[in-house]
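Undergrad:
Numbering (our numbering), first residue to last: 5 to 483.
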C-alpha cells in the first residue's frame, strides 16, 4: 500500500502543471469549469516530501508482505546495509569454504548444508571416512553419509544467522518509522485523494461528453424537466450505433395557478405494452437528472433541468421473506415512503403501482396515488402503468398521457420504442406471452378469455365514471 501511495504522489507535480494549463485553455463561455480546474491546479498538494521519503526508503519493486523482507532501498540506512552485507557475505564465505575444504581434504563430494536443528554442517559420504580430518566434529549420521562441523564453520554460522535476524528486525523498524511518518500526514493524503477523485470524475465527464455527443443541461431553480431527444446513457452504449430511439419529455412541478390555462403537466401517465420501453423511458429521465445535477453533460439534443431535492423510484417487484413482507406489502411500503417524503421539488418515478393485488384494489390504489401526487405534492412524476383506465385522469390540469408506440404486422408486434402523447388502448399482454414462448394452446385459450372479458360485464364494471360530489370531481370505479 505504501508503495502505491508513493507511485501516486510521484505524479502529482506533473498533474498540477497539466491542471494549470487546462484551466487557462478552457473556453471563455465556461468560467465555472475554468475556475474549478485552475483551483485544483493551485490548491492540490504536490506531496513532494512524502514522495521523497517513500522513494528513498523503499526499493522500486517491493514484495507483497513485510515478512518477505528485502524491501528497504540500499543506501538508506547504514546499519541495515552492514547487516545485509554480513549476511550475504557469510553465505559467500561458506561457498568458498566448501571448495577449499574439499581441495584440502581430497574429498570431492564434500558439501556444506544447513538444517534448522544443527545449523550449518559438512556432509561427507561414508566412502571417504578415512579422509576425514581429526578436527572435524561429527554431529549427525544419515544414510550413506556423516555430518560434521568445525570451529570455523560454527563461528561463521553465528555471524551469518545473527546478521540475518538483526537485518530483519532493522528492516521492520525502518518500515514502522515510514508508516508512522505517513500517518502523521494522513489528513494531507486524504485531502489529495478527494481532490484527485474529483478530478477523475471531471475528466470522465469530459471524455464521455466529447466522445458521445452529450450536451450541457440548463440547470435552474425552476421545477421543470424538459428533455429534447433524450437518450438512455447505458443502452446507448450497448445497442448498435443509431438504433436507440431518442424521446422527448416535458414536466413542470409546482402548484397550478387558478387562472393558468393549458398548463404543462407535472404528472405523466405512461402506458403501452410490456417490452415497449415504459420503464426504460422513466428511468432515462431519472438518470439524466442525476447526471446533470452531478455536473455532467447529458445524452440529449437539449435539456432544461430544475434542481431536484430528492429522487424517488419505485420500480420492480420483490418480497422480503426475512421480514415476512409479501411482494405487495414491499411495494406499498415503498410507495408510502415516497408519498410521505416527496416535496414540490422532488422527482418521482413509479412503475406498475398496484399490480401486486387484485385488479380493482390495484387500480383504486394507483389512481388515488396519482391524484395525491398532482393535487397535494405537485412534484414532477412519471407513472408507468398497465391500468388503461387511468388515462381518464388527463382531464385534470397537470396530468397528461404518453404512450409507447407499437405496430402489428402480419400478426407480429413491432416495438417502436417511441414515446408520444396519448394513451395506449391495449396492453398486448397475450402477444408478449407468445413472444416469451408460452405454449400455443395457452395463448389460444387466453385470446378467447380476453375477448370474453372485453365484451362482457367485466369491462363495464371496471370502467371509471365521473360524478359530482360536493362540487368536487371524483372518479368511481364501480357502478
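For every residue, glycine included, the Cβ atom is placed at its ideal position computed from N, Cα and C. Note that the coordinates shown come from a computational prediction; the quantities given were computed from them, not determined experimentally.
Helix, strand or coil for residue 224 per DSSP?
TA: Assignment of residue 224 by DSSP, reduced to helix, strand and coil, places it in the strand class.
Undergrad: Enumerate in chain order the residues of its own chain whose CB-to-CB distance from residue 8 is below 7 angstroms, with the five nearest sequence positions on each side excluded.
TA: none
Undergrad: Consult DSSP for residue 194 and reduce its assignment to one of helix, strand or coil.
TA: helix
Undergrad: State the Cα-Cα distance for the pair residue 278 and residue 216, rounded to the nearest angstrom.
TA: 29 angstroms
Undergrad: Given that a residue counts as buried once 16 or more other Cβ atoms are within 10 Å of its Cβ, and exposed if not, what is residue 355?
TA: buried
Undergrad: I need the DSSP call for residue 278, collapsed to helix, strand or coil.
TA: coil
Undergrad: Exposed or buried, what is residue 413 when buried is set at 16 or more other beta-carbons lying within 10 Å of its beta-carbon?
TA: exposed
Undergrad: Distance check for residue 357 and residue 460, CA to CA, integer angstroms please.
TA: If I take the Cα positions, the gap works out to 26 angstroms.
Undergrad: Take residue 13 as the anchor and find which of 246, 197 and 432 has the nearest alpha-carbon.
TA: Residue 197 is the option with its Cα nearest to residue 13.
Undergrad: Does the distance from the C-beta atom of residue 294 to that of residue 219 stay below 8 angstroms?
TA: no
Undergrad: Which residues bound the beta strand (DSSP E) around residue 376?
TA: No beta strand (DSSP E) holds residue 376; the alpha helix (DSSP H) holding it covers 363 to 376.
Undergrad: Does the Cβ-Cβ distance between residue 311 and residue 297 come in under 8 angstroms?
TA: yes
Undergrad: Can you tell me which of the three DSSP states residue 384 falls into?
TA: strand
Undergrad: Does the separation of the CB atoms of residue 334 and residue 176 fall below 8 angstroms?
TA: no
Undergrad: Measure how close the beta-carbons of residue 394 and residue 370 come, nearest whole angstrom, since I'm counting them as under 8 angstroms.
TA: At roughly 6 angstroms, the Cβ-Cβ gap stays under 8 angstroms, so residue 394 and residue 370 are in contact.
Undergrad: To the nearest angstrom, how far is it from the Cα of residue 142 to the Cα of residue 152?
TA: 4 angstroms
Undergrad: What residue does the alpha helix (DSSP H) around residue 435 start on, and which one ends it?
TA: 433 to 439
Undergrad: Bridge partners for residue 150 per DSSP, in chain order?
TA: 128 and 145
Undergrad: Give me the DSSP bridge partner(s) of residue 413.
TA: 416
Undergrad: So who's on the other strand from residue 318, going by DSSP bridges?
TA: Paired residues: 354.
Undergrad: Taking C-beta to C-beta, are residue 255 and residue 229 nearer than 8 angstroms?
TA: yes
Undergrad: Within the chosen definition, does the region 124 to 144 reach the region 191 to 210 through at least 3 CB pairs nearer than 8 angstroms?
TA: Too few Cβ pairs lie closer than 8 angstroms, so no.
Undergrad: DSSP three-state call for residue 68: helix, strand or coil?
TA: coil
Undergrad: If you draw a straight line from the C-alpha of residue 305 to the C-alpha of residue 268, how long is it?
TA: 20 angstroms
Undergrad: For the alpha helix (DSSP H) holding residue 448, just list the boundary residues, first then last.
TA: Residue 448 -> alpha helix (DSSP H) spans 444 to 459.
Undergrad: Hey, how far is the Cα of residue 87 from the Cα of residue 116?
TA: Taking the straight line joining both Cα atoms gives about 22 angstroms.
Undergrad: Touching or not, the region 360 to 379 and the region 387 to 403, by the rule of three or more beta carbon pairs under 8 angstroms?
TA: In short, these stretches touch, since the Cβ pair count reaches three.
Undergrad: Rank 19, 375 and 379 by C-alpha distance to the C-alpha of residue 51 and give the top, closest one.
TA: 19
Undergrad: Can you give me the start and stop residues for the alpha helix (DSSP H) that residue 58 sits inside?
TA: 52 to 61
Undergrad: Between the beta-carbon of residue 147 and the beta-carbon of residue 111, is there less than 8 angstroms?
TA: no
Undergrad: How many Å lie between residue 363 and residue 243 at the Cα?
TA: Here the C-alpha atom of residue 363 lies approximately 36 angstroms from the C-alpha atom of residue 243.
Undergrad: Near residue 319, what residues of its chain come up, given a Cβ to Cβ distance below 6 angstroms and the 5 sequence neighbours on each side ignored?
TA: Around residue 319: 355.
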